[in-house]
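Enquirer: Mind having a look at this structure? Questions to follow.
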Amino acid sequence: MGSYAQNQGSMIKRNHDSTNLKSSVVYFGVEFHQHDGQLSQSNDGSITPSLGRISEPSRHWRDVFWLGIFVIHLAVLGFVLAVLGLNRFKKLDRFKIDRYTYKIIENEAGQTETYWPFYALAAGIGTSLGWAWLSLLGTRANQMMKISVHILTTYLAVISALCFWDKQIFWAIAFAIGAALQFMYVMSVMDRFPFTMLVLQKGVKMVWNVPEVMRVTYAFMGLMLVWFAIWSFGVSGVVASSIGDGGCWWLLGVLSISLFWTGAVLCNTVHVVVSGMVVLVLLNGGQGSSSMPPKPLLRTLQHALTTSLGSICYGSLFTAAIRTLRWEIRGFRSKIGNNECLLCCVDFLFNLVETLVRFFNKYAYVQIAVSGKSFNHSARDAWELFQSTGIEALIAYDCSGAVLLMGTTLGGLITGTCAGIWTWFKKSDRVVMVGFTAMLMGMILVGLAMVVVESAVTSIYICYAEDPLLINRWDSEFFNQMSEALHERLRYRSARAQEVMQHNIIETQTSQETTTV
Numbered sequence: 007m008g009s010y011a012q013n014q015g016s017m018i019k020r021n022h023d024s025t026n027l028k029s030s031v032v033y034f035g036v037e038f039h040q041h042d043g044q045l046s047q048s049n050d051g052s053i054t055p056s057l058g059r060i061s062e063p064s065r066h067w068r069d070v071f072w073l074g075i076f077v078i079h080l081a082v083l084g085f086v087l088a089v090l091g092l093n094r095f096k097k098l099d100r101f102k103i104d105r106y107t108y109k110i111i112e113n114e115a116g117q118t119e120t121y122w123p124f125y126a127l128a129a130g131i132g133t134s135l136g137w138a139w140l141s142l143l144g145t146r147a148n149q150m151m152k153i154s155v156h157i158l159t160t161y162l163a164v165i166s167a168l169c170f171w172d173k174q175i176f177w178a179i180a181f182a183i184g185a186a187l188q189f190m191y192v193m194s195v196m197d198r199f200p201f202t203m204l205v206l207q208k209g210v211k212m213v214w215n216v217p218e219v220m221r222v223t224y225a226f227m228g229l230m231l232v233w234f235a236i237w238s239f240g241v242s243g244v245v246a247s248s249i250g251d252g253g254c255w256w257l258l259g260v261l262s263i264s265l266f267w268t269g270a271v272l273c274n275t276v277h278v279v280v281s282g283m284v285v286l287v288l289l290n291g292g293q294g295s296s297s298m299p300p301k302p303l304l305r306t307l308q309h310a311l312t313t314s315l316g317s318i319c320y321g322s323l324f325t326a327a328i329r330t331l332r333w334e335i336r337g338f339r340s341k342i343g344n345n346e347c348l349l350c351c352v353d354f355l356f357n358l359v360e361t362l363v364r365f366f367n368k369y370a371y372v373q374i375a376v377s378g379k380s381f382n383h384s385a386r387d388a389w390e391l392f393q394s395t396g397i398e399a400l401i402a403y404d405c406s407g408a409v410l411l412m413g414t415t416l417g418g419l420i421t422g423t424c425a426g427i428w429t430w431f432k433k434s435d436r437v438v439m440v441g442f443t444a445m446l447m448g449m450i451l452v453g454l455a456m457v458v459v460e461s462a463v464t465s466i467y468i469c470y471a472e473d474p475l476l477i478n479r480w481d482s483e484f485f486n487q488m489s490e491a492l493h494e495r496l497r498y499r500s501a502r503a504q505e506v507m508q509h510n511i512i513e514t515q516t517s518q519e520t521t522t523v
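Residue numbers (the working numbering): 7 to 523.
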């Protein structure tokens, strides 16, 4: 692996003068300038001049169409939520909406203010869990992640039992299936957890050494709470309405998809900001380096909220769903064994998802933070970089994203359970509706806290693929551990490919002999 690092390091183009050793380094498709091994700052008005780039054009607005869709969606949805909430706020059917829904009226009408406090509790619990995670990030993060992995299955099973007890059969079965899938996934990747925890620990170390990103996360959590106040106001009006459960669930489904997209946009904006800061720290050899540009956080945040926001909105629609599906298929695929029929079906799904991952992956956000490319362009460049350097084998082995998702899910379940218990004592017929929507709120708030570590991990992988010496300079022991793990994974893949090839040859020979006979 030492030769791999040297080959990657040879991308540096040396240019000597009479006084200083100067060099140009190409990272992320962008040229940087060095003085005596330190990246120097450029003042040419490039994308992020403070990054030390010397020949990069100004940033352009990317994926503007999706930015427009997102803004219009927020405006329209905000109006609809206000109408739905005000229609039953301190006065039943203020806007006479019931005259349009009289054919599907099945429930006794309530008032918005009856259900709004339940969501206020959910927001408070979700915020507390998120803040607790950020506060304990430097001291108890490893223990918290282990707890998330091992408790989630049990928690899902307990909720399933409670749903059976309350005769909510559909949700009981859904949570039971979730518990089974969670257990199967954890068992299938148990051998990967030591390396996963190592990567997460280094991600935590990186974030803890860049405290500015914590303040950004707190600010975005506050912004999310403002939107929650509007969203939960409208949702409370829906839950309080007199329309049947089918109509309520249809409306809640639409509003939940909207909330998921909005929350994902905020999470991924934090992702871009943190990634930009982490890459800066790694490129400059530390936050305290004299080559670090002034106010890097402000500039990174400015780009994330302007020219790159369209790319963030676009990627937020699809990335999470594709990534989750990929984890499940990978875990299931590794435990199939010799069932060729089932393996064929799973391989088809796996190849389909792998094609989607090429254009929708979380590593695109690092490229967006540094180079300001469009989302698909960034995702494709990141994936091609991993494929060309072999790092994709290491990423496929790493389960850090899944572990963080487990923590996010557990936080959401705790939030939904607390809100659901209070609802059960007040309005027992609306427990599932309130609990489900409160769970989404908790997941988003905890996810905003988790994303800082995920951003650091993705940035570390991107920088390792660009130039392993960047990681070696930051943490030489971790560099050696990553290099050893990569070597093992590449050797494993090579051995497996040879095994498959030999198996195919034997099958072909057997088939030919049978045909001859």
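Glycine included, C-beta positions come from ideal geometry on N, C-alpha and C.
Going straight from the alpha carbon of G132 to that of R502, what length do you get?
Expert: For G132 and R502, the distance between alpha carbons rounds to 44 Å.
Enquirer: Relative to the ligand GTP, is the shortest distance from any of its heavy atoms to the C-beta of M150 smaller than 8 Å?
Expert: The ligand GTP is not part of this structure, which contains no ligands at all.
Enquirer: Taking the Cβ atom as the reference point for each residue, do D172 and W430 lie within a distance shorter than 9 Å?
Expert: Closer than 9 Å, so yes.
Enquirer: Secondary structure at R123, three-state DSSP: helix, strand or coil?
Expert: Arg is not the amino acid found at residue 123; the sequence shown has Pro there. Helix.
Enquirer: Could you tell me the distance, in whole angstroms, from the CA atom of N21 to the CA atom of L476?
Expert: Reliability of the predicted coordinates at N21 is poor, the pLDDT of 36 falling under 50, and the value obtained from them is presented with this limitation in mind. For N21 and L476, the distance between alpha carbons rounds to 20 Å.
Enquirer: Measuring straight from C-alpha to C-alpha, what distance separates Y125 and F234?
Expert: So the alpha carbons of these two residues sit roughly 8 Å apart.
Enquirer: Measure the CB-CB distance between V452 and G417 and report whether it falls below 9 Å.
Expert: Cβ distance < 9 Å, so V452 and G417 count as in contact.
Enquirer: To the nearest angstrom, report how far apart V77 and S317 are at their CA atoms.
Expert: Going by the C-alpha atoms only, they are around 13 Å apart.
Enquirer: Can you tell me whether DSSP reads W67 as helix, strand or coil?
Expert: Coil, per DSSP.
Enquirer: Using a 10 Å radius around the Cβ and a threshold of 16 neighbouring Cβ atoms, would you call E490 buried or exposed?
Expert: Classification of E490: exposed, given that the 10 Å Cβ count is below 16.
Enquirer: Return the CA-CA distance between F485 and P474, expressed in angstroms with no decimal places.
Expert: One C-alpha to the other measures close to 7 Å.
Enquirer: Just the Cα atoms here: how many angstroms apart are G407 and A270?
Expert: If I take the Cα positions, the gap works out to 15 Å.
Enquirer: Between L258, W267 and F170, which lies nearest to V86 when the distance is taken from Cα to Cα?
Expert: Of the listed residues, the one whose Cα sits closest to V86 is L258.
Enquirer: Could you tell me whether the Cβ atoms of Q117 and R94 are closer together than 9 Å?
Expert: A contact, by the Cβ cut-off of 9 Å.
Enquirer: To the nearest angstrom, how far is the alpha carbon of I555 from that of L419?
Expert: Since the first residue shown for the chain is 7 and the last is 523, residue 555 is missing from the structure and cannot be characterised.
Enquirer: Can you tell me whether DSSP reads R94 as helix, strand or coil?
Expert: It is coil, neither helix nor strand.
Enquirer: Restricting to Cα atoms, I'd like to know which of A388, Y371 and T160 is closest to L315.
Expert: Minimum Cα distance to L315 is reached at Y371.
Enquirer: Between the Cα of L304 and the Cα atoms of L286, S296 and G291, which residue gives the shortest distance?
Expert: Out of L286, S296 and G291, L286 has the C-alpha closest to the C-alpha of L304.
Enquirer: Tell me whether V359 sits in a helix, a strand or coil according to DSSP, three-state version.
Expert: It is helical.
Enquirer: Output the distance between the C-alpha atoms of V260 and M190, rounded to the nearest integer angstrom.
Expert: Rounded to whole angstroms, V260 to M190 spans 31 Å at the Cα level.
Enquirer: How do the stretch 211-226 and the stretch 176-189 stand: do at least 3 beta-carbon pairs fall below 8 Å, yes or no?
Expert: At 8 Å Cβ cutoff, the stretches do not touch.
Enquirer: Could you tell me if I511 is buried or exposed, where buried requires 16 or more neighbouring beta carbons within 10 angstroms of its beta carbon?
Expert: Exposed.
Enquirer: With a threshold of 16 other CB atoms inside 10 Å of the CB of F176, please say whether the residue is buried or exposed.
Expert: Answer is exposed; the Cβ neighbour count stays below 16.
Enquirer: In whole angstroms, what separates the C-alpha of T275 from that of V192?
Expert: Using only the alpha carbons, I get a separation of about 29 Å.
Enquirer: So the alpha helix (DSSP H) L311 belongs to, where does it begin and stop?
Expert: Its alpha helix (DSSP H) spans residues P302 to L311.
Enquirer: Helix or strand or just coil, what does DSSP make of V195?
Expert: DSSP places V195 in coil when its eight states are reduced to three.
Enquirer: Quick test of your reading: T415 and L158, contact by CB under 8 Å. State the CB separation rounded to the nearest angstrom.
Expert: About 6 Å separates the two Cβ atoms, so the contact holds.
Enquirer: Which residues bound the alpha helix (DSSP H) around T414?
Expert: That run of the alpha helix (DSSP H) goes S406 to K432.
Enquirer: What residue ranges within the stretch 131-179 form continuous alpha helix (DSSP H) runs of no fewer than 4 residues, ordered along the chain?
Expert: 147-171, all fully within the stretch 131-179.
Enquirer: Could you give the distance in angstroms between the alpha-carbon of V232 and the alpha-carbon of G84?
Expert: Rounded to whole angstroms, V232 to G84 spans 12 Å at the Cα level.
Enquirer: Let me confirm a value: N290 is counted as buried when at least 16 other C-beta atoms fall within 10 Å, else exposed. Which label applies?
Expert: By the neighbour-count rule (16 or more Cβ atoms within 10 Å), N290 is buried.
Enquirer: Using the beta-carbon count (16 or more within 10 Å), is C350 buried or exposed?
Expert: When all chains shown are included, C350 counts as exposed.
Enquirer: What's the C-alpha gap between M298 and L307?
Expert: Going from the Cα of M298 to the Cα of L307 covers about 16 Å.
Enquirer: Closest to R198 by C-alpha separation, out of A225, L229, V155 and I179, would be which residue?
Expert: Selected option, being the one with the closest Cα: V155.
Enquirer: Which same chain residues, not among the five before or five after S141, have their C-beta less than 8 Å away from its C-beta?
Expert: There are no such residues.
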